[in-house]
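S.K.:
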Amino acid sequence: MDWRSDYRMTIGGELVSAAETIEVINPATGAAFATAPRAAREDLDRAVAAAALAQKSWRRTPIAERRERLLLAGELLRGHVAEAGRLFTLEQGRPLPLAEYEIAGAAAWLEAVAARELPVEVTEDSDVRRIEVHHEPLGVVCAIVPWNFPVSLAMWKVAPALLAGNTMVLKPSPFTPLCMLKIAELLREVLPPGVLNVISGGDELGPWMTAHEGFAKISFTGSTATGKRVMEAAAKDLKRVTLELGGNDAAIVLADVDVEKVASRIFQGAFFNSAQLCVATKRLYVHEAVYDRLRDALVALAGSARVGDGLEPGVGFGPIQNRPQYERVLKLIDEARAAGLTLLQGPAPSGPGYFVPLTIVDDPPETARVVTEEAFGPILPMMRFKDLDEVIGRANDSEYGLAGAVWSSDVASAVEVAHQLETGTVWINENLHLPAHTPFGGHKQSGFGVENGLSGLLEFTRPKSIYISKPRPAPARSA
41 MDWRSDYRMT
51 IGGELVSAAE
61 TIEVINPATG
71 AAFATAPRAA
81 REDLDRAVAA
91 AALAQKSWRR
101 TPIAERRERL
111 LLAGELLRGH
121 VAEAGRLFTL
131 EQGRPLPLAE
141 YEIAGAAAWL
151 EAVAARELPV
161 EVTEDSDVRR
171 IEVHHEPLGV
181 VCAIVPWNFP
191 VSLAMWKVAP
201 ALLAGNTMVL
211 KPSPFTPLCM
221 LKIAELLREV
231 LPPGVLNVIS
241 GGDELGPWMT
251 AHEGFAKISF
261 TGSTATGKRV
271 MEAAAKDLKR
281 VTLELGGNDA
291 AIVLADVDVE
301 KVASRIFQGA
311 FFNSAQLCVA
321 TKRLYVHEAV
331 YDRLRDALVA
341 LAGSARVGDG
351 LEPGVGFGPI
361 QNRPQYERVL
371 KLIDEARAAG
381 LTLLQGPAPS
391 GPGYFVPLTI
401 VDDPPETARV
411 VTEEAFGPIL
421 PMMRFKDLDE
431 VIGRANDSEY
441 GLAGAVWSSD
451 VASAVEVAHQ
461 LETGTVWINE
471 NLHLPAHTPF
481 GGHKQSGFGV
491 ENGLSGLLEF
501 TRPKSIYISK
511 PRPAPARSA
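Position one of the sequence shown corresponds to residue 41 (the working numbering), numbered consecutively onward.
1. For Gln-308, name the three-state secondary structure that DSSP assigns.
2. Taking 8 angstroms as the threshold, find out whether the segment 483-495 comes into contact with the segment 280-287 through three or more Cβ pairs.
3. Here's the rule: buried if 16 or more other CB atoms are within 10 angstroms of the residue's CB, otherwise exposed. What is Ala-204?
4. How big is the Cα-Cα spacing for Pro-186 and Asp-167?
5. Start and end of the beta strand (DSSP E) containing Gln-385?
6. Does the Cβ of Ser-259 have 16 or more other Cβ atoms within 10 Å, making it buried, or fewer, making it exposed?
7. How far does the beta strand (DSSP E) with His-66 in it reach, from first residue to last?
8. Answer yes or no: does any C-beta atom of chain C fall closer than 8 angstroms to that of Val-339?
9. Does the beta-carbon distance from Glu-402 to Leu-384 come in below 8 angstroms?
10. Go through the segment 456-495 residue by residue and report every complete run of the alpha helix (DSSP H) that reaches 4 residues or more, in order.
11. Could you spell out where the beta strand (DSSP E) holding Lys-211 opens and where it closes?
12. What's the C-alpha gap between Pro-135 and Asp-349?
13. Nearest to Pro-200 by alpha carbon, out of Asp-165, Leu-236, Asp-243?
14. Beta strand (DSSP E) containing Leu-324: first to last residue?
15. Please state whether the Cβ-Cβ distance between Ser-449 and Asp-298 is less than 8 angstroms.
16. Beta-carbon separation of Leu-154 and Val-121 under 8 angstroms?
17. Cβ of Gly-386 within 8 angstroms of Cβ of Ala-345?
18. Tell me whether Cys-182 sits in a helix, a strand or coil according to DSSP, three-state version.
19. For Met-423 versus Tyr-325, is the C-beta distance shorter than 8 angstroms?
20. Ends of the alpha helix (DSSP H) at Ile-373?
21. For Thr-250, count neighbouring C-beta atoms within 10 Å of its own C-beta (all shown protein chains included) and say buried if the count is 16 or more, exposed if not.
22. Kindly indicate which three-state DSSP category Gly-563 falls into: helix, strand or coil?
23. Val-88 and Thr-75: beta carbons closer than 8 angstroms?
24. Around the C-beta of Leu-10, are 16 or more other C-beta atoms found within 10 angstroms, so that it is buried, or is it exposed?
25. Within 10 angstroms of the Cβ of Glu-418, are there 16 or more other Cβ atoms? Answer buried if so, exposed if not.
26. Excluding the 5 residues flanking Arg-228 on each side, which residues of the same chain have their C-beta closer than 6 angstroms to its C-beta?
27. I'd like the span of the beta strand (DSSP E) that includes Trp-447, first residue to last.
28. Hey, could you find the ends of the beta strand (DSSP E) Arg-173 is sitting in?
29. Once DSSP output is grouped into helix, strand and coil, what is the label at Arg-280?
30. Rounding to the nearest angstrom, what Cα-Cα distance links Trp-196 and Ala-147 in this structure?
31. State yes or no: is the C-beta of Thr-399 within less than 8 angstroms of the C-beta of Leu-420?
32. Out of Ala-320, Pro-397, Lys-222, Leu-150, point me to the one whose CA is closest to Ala-291's CA.
33. Mind checking which residues open and close the beta strand (DSSP E) that includes Glu-531?
34. Assign Asp-289 to one of two classes, buried (16 or more other C-beta atoms within 10 Å of its C-beta) or exposed (fewer than that).
35. Which parts of the segment 86-127 are runs of the alpha helix (DSSP H), unbroken and 4 residues or longer, counting only runs that do not cross its ends?
36. In terms of residue numbering, what span does the alpha helix (DSSP H) encompassing Met-271 cover?
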């Protein structure tokens, strides 16, 4: 299997080309390096039909066998980390060691989810009856995956959906379709035809999929604006939906924090993947007692960071993944500079790639766009605070509620703050840790439904209560 060329869709276990193609751009150069199929409506219809046919037998396949298939898939993917990692860097931009880490992590995710069981709850077991609550698959799942974590976020959907007995049609982002096209080609070795179908296309493909009557569920990760359109389309025929959407995640640093110990972790929590991460720290509130020291430490880290082509040794941060997002991030920086805000920036290469320097905005007003909007790029507004109750209110004053973090030497105090944050996830003295066994979901405009953990697995099922009447003893006869 050649990871460097011949990118085709997987439909019903077959490799399928398309009449038209889309260019795939290397964000480190701004130039196209490959093409991917541009699916037509007929390709989508064929993929849904293949998934529906496969689901008839896949749902009856014992869960132990489905589990074994996922374990084999993880093992197979783990054997191709180097090839997939290089392709990942070419299309996504992330430095090669971190790209390989995502591929290996995706393999580990398949294996971790495979270990789960679908529970059977007994709600009554009396002399009269036994009631069992089972969880059955929904059918064919539509999965739509973004460009920032194109492999791991795909596996967040693939692994639980398939374990639960569903089949899937998955659409990667048109900006990063190649890795998932090749992974689907690879997994044909261990998955029955039609169980996992991967099709690529332009901006028109997503709306075609969400409106398609053949899907029982849509699992979408992306922007809040697009998520609302997905939910609207799903409402027409009552498809189930899981939406993992945007975030403007706040971190609160308390006065007792050890700056030297936490600065590098806070820095990575803000800038990992060039801050193209829904749960990255995007607003940093720092107590005035430690503000200057932490700011200086973060600026020093930004100054020593190497931004560049992810295939070059020693690069820690890659480009913005695509030109529209690159231009949006540059506009935010230009507006902040024009407004007289203080920008503290590290180095970044010039040239055709979509490179942006790691940028810290020093104590901007709460109303600045760099504070109120999710940049989804390496811009970190850093604000002072004095009163704890007041800063909790500032952190919660957002339409988003995805994740947050609290940093303190007093864990008990930090936990008290965590309980007051209006988010689905809060980290204490760490960030970005999202294991397969823990539910992940957003509050407010950050999402609908849950991924991961048992709760995420059950989102790919429907409950069925089975009432089993027990024989009743015949009434005793009178003498």
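Just so you know, even glycine gets a beta-carbon here, dropped at the ideal spot from N, CA and C.
Here the structure is a predicted model, which means the values were calculated and not measured.
M.R.: Walking through what the data contain:
1. helix
2. Because the criterion of three Cβ pairs below 8 angstroms is met, the segment 483-495 and the segment 280-287 touch.
3. buried
4. 52 angstroms
5. 382-385
6. buried
7. A small fix is needed here, since residue 66 is Asn in this sequence, not His. 60-66 is the span of the beta strand (DSSP E), which, as asked, contains Asn-66.
8. No chain C appears in this structure, which consists of one protein chain only.
9. What sits at residue 402 in the sequence shown is Asp, not Glu. Their beta carbons are under 8 angstroms apart, which means Asp-402 touches Leu-384 by this criterion.
10. none
11. 207-211
12. 7 angstroms
13. The candidate whose alpha carbon is nearest that of Pro-200 is Leu-236.
14. 323-327
15. A contact, by the Cβ cut-off of 8 angstroms.
16. In the sequence on display, residue 154 carries Ala and not Leu. Their beta carbons are not under 8 angstroms apart, which means Ala-154 does not touch Val-121 by this criterion.
17. At the C-beta level, Gly-386 and Ala-345 come within 8 angstroms of one another.
18. strand
19. yes
20. Where Ile-373 is concerned, the enclosing alpha helix (DSSP H) stretches over 363-378.
21. buried
22. Here the chain covers residues 41 to 519 and nothing more, so residue 563 does not appear.
23. Taking 8 angstroms as the Cβ cut-off, Val-88 and Thr-75 do not qualify as a contacting pair.
24. It is not possible to answer for residue 10, since the shown part of the chain is limited to 41 through 519.
25. Here residue 418 is Pro; the residue named in the question, Glu, does not match the sequence. Buried: at least 16 other Cβ atoms inside 10 Å.
26. Gly-53
27. 443-447
28. The sequence shown places Val at residue 173, not Arg. Note, Val-173: beta strand (DSSP E), 169-177.
29. Arg-280: strand per DSSP, three-state reduction.
30. 11 angstroms
31. yes
32. Closest option to Ala-291, Cα to Cα, is Ala-320.
33. Outside the displayed range of the chain (41 to 519) lies residue 531, so it cannot be described from this structure.
34. buried
35. 103-118
36. 264-275
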